[in-house]
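Accompanying notes for the structure given below.
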Amino acid sequence: MALCLFTASLTVEVIALLALVFLQLLLYTYFLGLKSPGINR
Numbered sequence: 002m003a004l005c006l007f008t009a010s011l012t013v014e015v016i017a018l019l020a021l022v023f024l025q026l027l028l029y030t031y032f033l034g035l036k037s038p039g040i041n042r
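The following block contains the structure:
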C-alpha cells in the first residue's frame, strides 16, 4: 500500500516537473519570437 502511494506521488511529481519544463520552453520560444520577428513566418 505504501509503495503504491509512493509511486503515485512520484508520478504526480514527474508530471508536474514535465509540465513546468514544457511551460518554460513555451514561454522561452514565445519571447524569442517576439524579440526576433524573423522566426515568425
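This note's numbering puts the sequence shown at residues 2 to 42. Idealized CB from N, CA, C, for every residue including glycine.
Rounded to whole angstroms, L24 and A9 show a C-alpha spacing of 23 Å. DSSP places S10 in the uninterrupted alpha helix (DSSP H) bounded by A3 to K36. Distance from the CA of V22 to the CA of Y31, rounded to the nearest whole angstrom, comes to 14 Å.
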